[in-house]
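Reminder that position 113 of the sequence shown reads as 113 in full-length UniProt numbering, one-by-one numbering, no gaps.
Every residue, glycine too, gets a C-beta built ideally from N, C-alpha and C.
Scroll down for the structure; my scribbles are underneath it.
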Amino acid sequence: MFVAHDSLVAYSRLRAACSTVQALRLLFLDDRRHLIADEIHQTGTFGDVAIYVREIMGRALQMEARGLVIVHSGPDDDPPNPAGARTSCADIQQAGKFLGVELVEYLLVGRRSYCTLIQEPADARVGRRSSPVAGDSGPSPDRKC
1 MFVAHDSLVA YSRLRAACST VQALRLLFLD DRRHLIADEI HQTGTFGDVA IYVREIMGRA
61 LQMEARGLVI VHSGPDDDPP NPAGARTSCA DIQQAGKFLG VELVEYLLVG RRSYCTLIQE
121 PADARVGRRS SPVAGDSGPS PDRKC
């Protein structure tokens with residue numbers, strides 16, 4: 001289980017660190033936000049990756065997932081351009097509401113930074129920190145795309 005948004009971001013950036021092309025990774029979650037599976041759904045070119053809502057939601061249903069995290073990563077220091085991903089995010093959210101699969105997070109991840117396409121507070125979606133770490137002022141703010 002990802003107990004905080006920061007741990008999800010760290011995990012996602014680690015998994016994408018050596019990629020030379022854009023990739024779309026799907027993390028399937030059960031109803032308690034435990035990870036069922038982590039799969040590379042699609043790889044693309046240096047500047048693009050195809051996103052097909054029907055395939056993503058079909059796979060989520062096969063996995064019997066109740067939650068979905070999408071990580072769109074690229075080989076640059078900055079996250080991939082969010083322009084096309086915004087439409088895909090909205091389409092996936094709409095399909096998920098109909099099918100009972102919540103889009104918990106949609107991250108765009110680069111080597112040095114990330115941003116989120118979801119507009120509600122991150123820790124409310126992913127999980128809550130069970131206890132603060134010494135010297136920590138709490139969860140970092142979301143970086144909106």
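Quiz item: Which one of THR20, ILE51 and ILE70 has the shortest CA to CA distance from PHE28?
Solution: Of the listed residues, the one whose Cα sits closest to PHE28 is ILE70.
Quiz item: Is the CB-CB distance between CYS115 and PRO75 below 8 Å?
Solution: The criterion of a C-beta distance shorter than 8 Å is not satisfied by CYS115 and PRO75.
Quiz item: Would LEU99 pass as a contact of LEU61 if the rule is Cβ separation under 8 Å?
Solution: The Cβ atoms of LEU99 and LEU61 sit closer than 8 Å to each other.
Quiz prompt | Counted within 10 angstroms of its Cβ, other Cβ atoms place CYS18 as buried (16 or more) or exposed | solution = CYS18 comes out exposed.
Exercise. Measuring alpha carbon to alpha carbon, tell me which of ARG112, ALA85, LEU117 and ARG111 ends up nearest VAL49.
Key: Ranking the options by Cα distance to VAL49, first place goes to ALA85.
Quiz item: According to DSSP, what are the bridge partners of LEU103?
Solution: LEU103 is bridged to LEU68.
Practice problem: Rounded to whole angstroms, what's the CA-CA distance from SER12 to VAL53? Just pull it up for me. | Solution: Each residue's Cα considered, the two are about 21 Å apart.
Exercise. May I ask which residues mark the beginning and end of the alpha helix (DSSP H) holding GLN22?
Key: Where GLN22 is concerned, there is no enclosing alpha helix (DSSP H), given that its DSSP letter is neither H nor E.
Quiz item: Thinking just about the alpha-carbon of each residue, which of LEU107, ARG112, ARG111 and LEU117 is nearest to the one in LEU8?
Solution: Taking LEU8 as reference, the option from LEU107, ARG112, ARG111 and LEU117 with the minimal CA-CA separation is LEU107.
Quiz prompt | Under 8 Å between C-beta atoms of ALA90 and MET57 | solution = No, the Cβ-Cβ distance between ALA90 and MET57 is not below 8 Å.
Practice problem: Name the residue from GLY110, SER73 and GLU64 whose alpha carbon lies nearest to the alpha carbon of ASP30. | Solution: Scanning GLY110, SER73 and GLU64 for the CA closest to the CA of ASP30 turns up GLU64.
Quiz item: For SER113, does the three-state DSSP call read helix, strand or coil?
Solution: Under the three-state reduction of DSSP, SER113 is assigned to coil, being neither helix nor strand.
Quiz item: Beta-carbon separation of GLN22 and SER73 under 8 Å?
Solution: In this structure, SER73 lies closer than 8 Å to GLN22 by Cβ.
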